[in-house]
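Colleague: Got a structure for you, questions after.
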Ligand SMILES: Nc1ncnc2c1ncn2[C@@H]1O[C@H](COP(=O)(O)OP(=O)(O)OP(=O)(O)O)[C@@H](O)[C@H]1O
Ligand SMILES: [Mg+2]
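Chains as they are written, first to last, in my numbering: chain A, 363 to 651; chain B, 1184 to 1557.
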């Protein structure tokens, strides 16, 4: 339809459609990002905040917050991986094994936690993982001195819990649209069920795994509440370091440098992901065959 | 049960398949003899695909037994059966290229054949379907006909006991379809593997196969060579399904000298023979007299018809179509209705009949088959 319109008119329509989102991104993402990058080369004012300067000191100083980077860059990928491991079987069950009614019920159950605030749910986990929760049950069966809350494990458990739905749904979709005749073709050619899974089902569901991992990884990289509540300030992420730098020590330029580094890492991740998905574009396009 | 001289590649013994209340396949007995090209022919929903899926092992029969080369494989899963299938929409693996699709079956074997052996077999299989050099292509870079041939190569590389083809040509256009029919026949002769082709296109079935099995409502109505089905159908259903025929309803009368008298509507009478494929109808049975269009004679007047005639009447030419060697007439009889006649072109006959002409029609007794309906 659009093609039949005079091109000047269709341009106006396009502009109108894109403008709100474009303005939103320009003023709330691009411009602030430029400000942050400019700040990252500045100096800390006497009383905190920003003083104009041009120095690389803030970047040279990044190792001072090395632990935050190490925590984030180990726990975010690990959390993503764990979420995949929990989400895949569930998504597989939903898409392949469950009957119609059970599937609907379980899909709703997967989404239900989103109905309450994430903050509240993490407070609940503080109870569950705290000394009166699971550790006390473990003590009851003889495993004393188990500490979960305020350890990396608590953060990982929280990550899997919090992001499971985001991982399950894309994997579910990719498994759901998988052509079941391909599985029969595989069996017909002599592959038993496990081999068919490894050679057909899994490769064809990787785009869903990639999409889910991407979502979860990016959200985990920027996470603040999760390490704050379940890590108890002991397991802190870059997000916690930023809050500290901007609000407590008021070293804005250093905070800006840490932010810029985080954004750069995310960009690289997205670029790698895009390459991966594009190189597997075959599976997507061929799904139409 | 006596064993036949050669063990059939696949046998069904009293195989039935029920889905709830639906009887998809009903007590089918079937033998596919080695190296033959067999078609399974029947209207939509008659159970063809279900039969094929029970051979491949995707479905298990509700009753009866399936044998592959004499081994009872009832209950054996698909991946352990030495048959391969070409799916209707090919079901090629989209994440694998052509060569990896074709080698898939070999790579499932244990021990796994050596890499060079697989590569060589893939090259052979691809050249067999005239796709040499396409190994590195992605699936969606192929035309429909090429995908079809990859699916064939992927199945045949395993040297199955039987190749099962479920309407493999249905998605192709007319021209390509014809080419693939010839190619399939050649392929079958070259590899010597038994082919079982499911189709609901009777011309395809008759032109390609050594044997045709006709199904209806889950039952196997008749199996035989195309010629047997055409000349000796067991009932009106088969006669109607295989080629064109004219049918006249009536009641079977006395039989003598191999001829059965039939009382047609309005007190008209004729006679015909029973099919050699089945027991003759009994006196009083409701029957159909089936006469093939090419067996009906046309003449300008009744006295011009040959002597040996079981039925003669006057009719009027309604339509005429030249088919080259033959001319097809549609003629109308005032009580029997319209029927079709095909006359060979006669070099010495001065004139063909024109639309509106009154003609005499007749047929010899052995041209009329007296059949039960179905
Ligand atoms: N999984 C199933 N569940 C219930 N009924 C089924 C199932 N598969 C087939 N049927 C029924 O069994 C009958 C035979 O189906 P089948 O697919 O074998 O027919 P077909 O001869 O292959 O038809 P077509 O020419 O349309 O492909 C149909 O009535 C169909 O509805
Ligand atoms: Mg079918």
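Using N, Cα and C, we set each Cβ at its ideal position, and we do this for glycine too.
1. Just curious, the beta strand (DSSP E) that residue 461(A) is in, first and last residue?
2. Could you say if the stretch 472 to 484 of chain A and the stretch 553 to 564 of chain A meet the contact criterion of at least three C-beta pairs nearer than 8 angstroms?
3. Take every Cβ of the stretch 1390 to 1402 of chain B, pair it with every Cβ of the stretch 1357 to 1374 of chain B, and state whether three or more of those distances are shorter than 8 angstroms.
4. Say yes only if the C-beta of residue 1240(B) is nearer than 6 angstroms to one or more non-hydrogen atoms of ligand 1, and no if none qualify.
5. Compute the beta-carbon to beta-carbon distance between residue 1334(B) and residue 1275(B), rounded to the nearest angstrom, for a pair I have assumed lies under 8 angstroms.
6. Please classify residue 449(A) as buried or exposed, where buried requires at least 16 neighbouring CB atoms within 10 angstroms.
7. Which residues in the same chain have their Cβ closer than 7 angstroms to the Cβ of residue 445(A), if we skip the five residues on either side of it in sequence?
8. Taking residue 1504(B) as part of the beta strand (DSSP E), name the residues at either end of that continuous run.
9. Could you tell me the distance, in whole angstroms, from the CA atom of residue 1442(B) to the CA atom of residue 1551(B)?
10. Please list the partners that residue 550(A) has in chain B, where partner means a Cβ-to-Cβ separation under 7 angstroms.
11. For chain A, check one thing: does any of its Cβ atoms lie closer than 7 angstroms to the Cβ of residue 1278(B)?
12. State the beta-bridge partners of residue 1454(B) as determined by DSSP.
13. Using a Cβ cut-off of 7 angstroms, pull out every chain B residue sitting near residue 554(A), in sequence order please.
14. Could you name the residues of chain B that residue 543(A) contacts, counting a contact when the two beta carbons are closer than 8 angstroms?
15. Please list the segments of the beta strand (DSSP E) lying wholly inside the stretch 1318 to 1391 of chain B, counting only runs of 3 or more residues, in order along the chain.
16. Where does residue 1197(B) land, buried or exposed, given buried means 16+ other C-beta within 10 angstroms?
17. Can you tell me the Cα-Cα spacing of residue 1251(B) and residue 1194(B), whole angstroms?
18. Here's the rule: buried if 16 or more other CB atoms are within 10 angstroms of the residue's CB, otherwise exposed. What is residue 616(A)?
19. From the beta carbon of residue 1288(B), is the nearest beta carbon of chain A less than 7 angstroms away?
20. What does the shell around ligand 1 hold, if a residue joins when its beta-carbon is under 6 angstroms from any heavy atom?
21. Please determine, among 460(A), 537(A) and 548(A), the residue with the shortest C-alpha to C-alpha distance to residue 1292(B).
22. Leaving out the 5 sequence neighbours to the left and right, which residues in its chain are closer than 7 angstroms to residue 561(A) when beta-carbon positions are compared?
23. Identify, in the order they occur along the chain, each residue of the same chain with its Cβ nearer than 8 angstroms to the Cβ of residue 613(A), setting aside the five sequence neighbours on each side.
24. Given that residue 1292(B) touches chain A, what residues does it touch there, using C-beta distances under 8 angstroms?
25. Between residue 1480(B) and residue 1544(B), how many whole angstroms is the CB-CB distance? I'm expecting something under 8 angstroms.
26. Inspect the beta-carbon positions of residue 1372(B) and residue 1221(B) and report whether they are closer than 7 angstroms.
27. Please report the residue range of the alpha helix (DSSP H) in which residue 576(A) lies.
28. Could you compute how far the alpha carbon of residue 1459(B) sits from the alpha carbon of residue 1419(B)?
29. Curious, which full-length beta strand (DSSP E) runs of at least 3 residues does the stretch 413 to 489 of chain A contain?
30. Let me check understanding here. Comparing Cα to Cα, which of 1306(B), 1316(B), 1339(B) and 1357(B) lies closest to residue 1327(B)?
31. Would you list, in chain order, the members of the stretch 453 to 475 of chain A that have their beta-carbon closer than 7 angstroms to a beta-carbon of chain B?
32. Does the stretch 1430 to 1439 of chain B come close enough to the stretch 1464 to 1471 of chain B that 3 or more CB-CB pairs lie under 8 angstroms?
33. Taking 6 angstroms as the line, does the beta carbon of residue 566(A) fall inside it for any heavy atom of ligand 4?
34. For the beta strand (DSSP E) containing residue 1554(B), name the first residue and the last one.
35. With C-beta atoms as the reference, is residue 629(A) less than 7 angstroms away from residue 572(A)?
36. Below 7 angstroms CB to CB, which residues in the same chain sit around residue 590(A) once its five sequence neighbours on both sides are set aside?
Modeller: Result, derived from the coordinates:
1. No beta strand (DSSP E) holds residue 461(A); DSSP gives it neither H nor E.
2. no
3. yes
4. no
5. Sure, about 6 angstroms apart at Cβ, within 8 angstroms.
6. buried
7. 521, 522, 525, 526, 529 and 578
8. Taken as a continuous stretch (DSSP letters only), the beta strand (DSSP E) holding residue 1504(B) covers 1494 to 1506.
9. Cα to Cα, residue 1442(B) sits roughly 10 angstroms from residue 1551(B).
10. Going along chain B in sequence order, the residues near residue 550(A) (Cβ under 7 angstroms) are 1239, 1261, 1267 and 1268.
11. Yes - at least one Cβ of chain A is within 7 angstroms of the one on residue 1278(B).
12. 1444(B)
13. 1262
14. 1270, 1272 and 1274
15. 1345 to 1349 and 1377 to 1382
16. exposed
17. 7 angstroms
18. buried
19. Yes, because at least one Cβ of chain A sits closer than 7 angstroms to the Cβ of residue 1288(B).
20. 1202(B), 1205(B), 1207(B), 1225(B), 1227(B), 1228(B), 1229(B), 1230(B), 1231(B), 1232(B), 1233(B) and 1383(B)
21. 548(A)
22. 548 and 553
23. Within its own chain, the residues whose Cβ lies closer than 8 angstroms to the Cβ of residue 613(A), once the five positions on either side in sequence are excluded, are 406, 410 and 607, listed in chain order.
24. Within 8 angstroms Cβ-Cβ: 552.
25. 7 angstroms
26. no
27. 564 to 583
28. 14 angstroms
29. none
30. 1357(B)
31. none
32. yes
33. With respect to ligand 4, the structure shown offers nothing to examine, as its ligands consist of ligand 1 and ligand 2.
34. 1551 to 1555
35. no
36. 602
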